[in-house]
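Peer 1: Sharing a structure here in structure tokens format.
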Amino acid sequence: MKNKIVLLVGCLITKIVIARQAIVAFIPDESIRAIGLFTEGLAWASTGDGNYGYLDTTGKMVIAPKFREAGIFSEGLALVGQSVNGNMRYGYVNRQGRLVIPCQYDDAHNFSCGRAAVRTKGVWSYIDRQGKTAFVRMDTPIENAPPLSFHNGRLLVRKGKLYGFVDTSGRWAVPPTFAWAKEFADGVAVVAGKEIKSDSMPGNGQLAQLYNRLPAGKPEYMTNVIDSTGKLLFTTDVKGLKEFTNGVSFFLRDDQWGLMDKTGKILMVPTFDDLPYAISSGVFFKQVNGTAEGNKDGYLQIYNTAGRPTGKMPLCDAAGNCMYDSHGAYHSNLLAVQIGDNWGFADTSGKIVIAPVYKTVSDFAGTHAVVKTADGKLQVLRNPAL
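The numbering of the sequence shown is the working numbering, which starts it at 124 and goes up by one.
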């Protein structure tokens, strides 16, 4: 099973008894029903009347709850929604609470690289931070797929059957010449290289003629890695190369996964039958199953981005405490883990640093995370790892 922490009974964590006491940053007012992720120091908060405002990391409501929908802050602006003539319309508010782009769009996405995708009367376009249209969506969507966001100043665009990248003005930065391509990440993009010619049987014998008349299968391609100008950094014959994160990426060869850096150097030869969990906070981890009943002698092995083991989360402790689930990736050096019925956090060495005593938890977004206590009360915790 891919990327799901399971025990066969569950994955378990030891050393729970040495977890630190959580640092409570603040307890929100009882009128607040829910709180989002803290990004750029602010988080949306919903009140009992169904409106949304924004809290800072001290718990102060710095933007009054006057919106019907609210998103996270990105590049100093947050997507918000208000009812206009009975219909939900979207715009953007700044950190001071001023609606700098009015709620006028039928749909909208977050800002990235100074651009946001918005829809008006069925047409998607990209706007700048002043609300001015930079360019109209120019790709050929697959099955009405929503528009993508910019990464590293580049937007992946499908034109006909080929892929390329445009800059924030909508001009081609890398022309559409690739049979397939992935979005930019970590300053590079993984794209299709030269087509690999299908095998043919030599000779003019009957068997060779029959074989060579068989219909060609789906084309296969070499894998290229390019920079934001389209310059080729390296070519490889590996399959399934993922987007790069923290300078490395997983790749597939002979049905096993390995680790590669942005120069094409193989850091870990393919040894994993299943794709490891996401690279985040400079580490990744892989579940290693044991032989005992209920997988109680298994563990999660943690690796750094050089491919070296750096920590381990054993499955069962002597008391039988079990980790049944996790959020699957580290955020701000902490991993949300469910032990029994409750949630806590582990650090990048595998040590539990915030005891599992919460009914629900958000990921840490920088310095803070939102949790719900056993009695259903909201709290905001400060990150002890930063």
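Even for Gly, the Cβ is constructed at its ideal location relative to N, Cα and C. Every value quoted in this text rests on a predicted model; they were computed, and no experiment measured them.
Exposed or buried, what is Pro403 when buried is set at 16 or more other beta-carbons lying within 10 Å of its beta-carbon?
Peer 2: In the sequence on display, residue 403 carries Ser and not Pro. Buried is the call here.
Peer 1: What whole-angstrom Cβ distance do Met391 and Leu382 have, given they're in contact under 8 Å?
Peer 2: Yes, Met391 and Leu382 are in contact; Cβ-Cβ is about 4 Å, under 8 Å.
Peer 1: Determine, using beta carbons only, whether Gly310 and Ser372 come nearer to each other than 9 Å.
Peer 2: Cβ distance not < 9 Å, so Gly310 and Ser372 don't count as in contact.
Peer 1: If you reduce the DSSP assignment to three classes, tell me which class Gly489 lands in.
Peer 2: In this structure, Gly489 counts as coil in the three-state DSSP scheme.
Peer 1: For Thr243, collect the residues of the same chain with a Cβ closer than 8 Å to its Cβ; drop the 5 residues on either side in sequence, then sort them by chain order.
Peer 2: Within the same chain, Thr243 has close Cβ partners Gln227, Tyr228, Asp229.
Peer 1: Report, in whole angstroms, the separation of the C-beta atoms of Gly463 and Asn427, which I expect to be a contact under 8 Å.
Peer 2: Going by Cβ atoms, the distance from Gly463 to Asn427 rounds to 29 Å, so no, they are not a contact pair.
Peer 1: By the three-class DSSP mapping on this structure, what secondary structure does Gly499 have?
Peer 2: It is coil, neither helix nor strand.
Peer 1: From Lys320 to Glu343, what does the alpha carbon distance come to, in whole angstroms?
Peer 2: The straight-line gap from Cα to Cα measures roughly 8 Å.
Peer 1: In angstroms, rounded to a whole number, what distance separates the CA positions of Thr496 and Val503?
Peer 2: So the alpha carbons of these two residues sit roughly 10 Å apart.
Peer 1: If you reduce the DSSP assignment to three classes, tell me which class Gly417 lands in.
Peer 2: If DSSP states are grouped into helix, strand and coil, Gly417 belongs with the helices.
Peer 1: Just to confirm my understanding: we take Ala187, look at its own chain, exclude 5 residues before and 5 after, and list those with CB closer than 6 Å. What are they?
Peer 2: Closer than 6 Å at the Cβ level, and outside the excluded window around Ala187, lie Gly176.
Peer 1: Which runs of the beta strand (DSSP E) fall wholly inside the region 241 to 326 and span at least 3 residues, in chain order?
Peer 2: Fully enclosed beta strand (DSSP E) runs of 3 or longer: 246 to 250, 256 to 259, 278 to 282, 285 to 289, 295 to 301, 312 to 319.
Peer 1: Taking Thr394 as the reference, give the member of Thr386, Arg260, Asp378 with the closest Cα.
Peer 2: The residue with the shortest Cα to Cα distance from Thr394 is Asp378.
Peer 1: Compute every distance between the C-beta of Met261 and the non-hydrogen atoms of the ligand NAP, then say whether any falls below 8 Å.
Peer 2: Because no ligand of any kind appears in the structure shown, any question about the ligand NAP cannot be addressed here.
Peer 1: Counting C-beta neighbours from all protein chains within 10 Å, is the total for Asp498 16 or more, i.e. buried, or is it exposed?
Peer 2: Answer is exposed; the Cβ neighbour count stays below 16.
Peer 1: Keeping to the same chain, check which residues put their C-beta closer than 6 Å to that of Glu512; ignore five residues upstream and five downstream.
Peer 2: With the chain running from 124 to 509 in the structure shown, residue 512 is simply not present.
Peer 1: By DSSP, does Ile462 sit in helix, in strand, or in coil?
Peer 2: If DSSP states are grouped into helix, strand and coil, Ile462 belongs with the strands.
Peer 1: For Gln461, which of Val484, Gly443, His454 has the nearest alpha-carbon?
Peer 2: When each option's Cα is compared against that of Gln461, the closest is Val484.
Peer 1: Is DSSP giving Asn506 helix, strand or coil here?
Peer 2: In this structure, Asn506 counts as coil in the three-state DSSP scheme.
Peer 1: Do the CB positions of Ala148 and Trp167 come within less than 9 Å of each other?
Peer 2: Cβ atoms of Ala148 and Trp167: not closer than 9 Å.
Peer 1: Buried or exposed for Ile146, going by 16 or more other Cβ atoms inside 10 Å?
Peer 2: Its Cβ having fewer than 16 others within 10 Å, Ile146 is exposed.
Peer 1: I need the DSSP call for Glu343, collapsed to helix, strand or coil.
Peer 2: The answer is strand: DSSP assigns Glu343 an E or B state.
Peer 1: Roughly how far, in whole angstroms, is the beta-carbon of Val348 from the beta-carbon of Val297, given that I think they are within contact range, below 8 Å?
Peer 2: At roughly 13 Å, the Cβ-Cβ gap does not stay under 8 Å, so Val348 and Val297 are not in contact.
Peer 1: Quick one, are the C-beta atoms of Ser449 and Leu509 less than 9 Å apart?
Peer 2: Taking 9 Å as the Cβ cut-off, Ser449 and Leu509 do not qualify as a contacting pair.
Peer 1: Helix, strand or coil, according to DSSP, for Tyr453 in the structure here?
Peer 2: It is coil, neither helix nor strand.
Peer 1: Which of the three DSSP states is assigned to Tyr400 in this structure?
Peer 2: Correct three-state label for Tyr400: coil.
Peer 1: Which one of Pro270, Glu266, Ile265 has the shortest CA to CA distance from Val259?
Peer 2: Comparing Cα positions, the closest option is Pro270.
Peer 1: Quick one: using the 10 Å Cβ neighbour count with 16 as the cut-off for buried, is Asp470 buried or exposed?
Peer 2: Result: buried.
Peer 1: To the nearest angstrom, report how far apart Thr359 and Leu375 are at their CA atoms.
Peer 2: Those two C-alpha atoms are separated by around 11 Å.
Peer 1: Mind checking whether Gly254 and Thr291 have CB atoms under 9 Å apart?
Peer 2: Not a contact, by the Cβ cut-off of 9 Å.
Peer 1: Would you tell me roughly how many angstroms separate the C-alpha atoms of Gly164 and Asp486, rounded to the nearest one?
Peer 2: The straight-line gap from Cα to Cα measures roughly 14 Å.
Peer 1: Spell out the partners DSSP gives Lys435 in its beta bridges.
Peer 2: Bridge partners of Lys435: Gln424.
Peer 1: Which residue's Cα is closest to the Cα of Lys388: Pro432, Leu364, Phe407?
Peer 2: Residue Leu364 is the option with its Cα nearest to Lys388.
Peer 1: In chain order, what residues of the same chain have a beta carbon less than 6 Å from the beta carbon of Asn506, not counting five sequence neighbours either side?
Peer 2: Result list for Asn506: Ser455, Phe487, Thr490, in chain order.
Peer 1: Just verifying my parser: in three-state terms, what is the DSSP assignment at Ile150?
Peer 2: Here Ile150 sits in coil by DSSP.
Peer 1: Considering only residues of the region 362 to 398, which uninterrupted beta strand (DSSP E) runs meet the minimum length of 3 residues and lie entirely inside it, listed in chain order?
Peer 2: The region 362 to 398 contains these whole beta strand (DSSP E) runs: 371 to 376, 379 to 384, 389 to 395.
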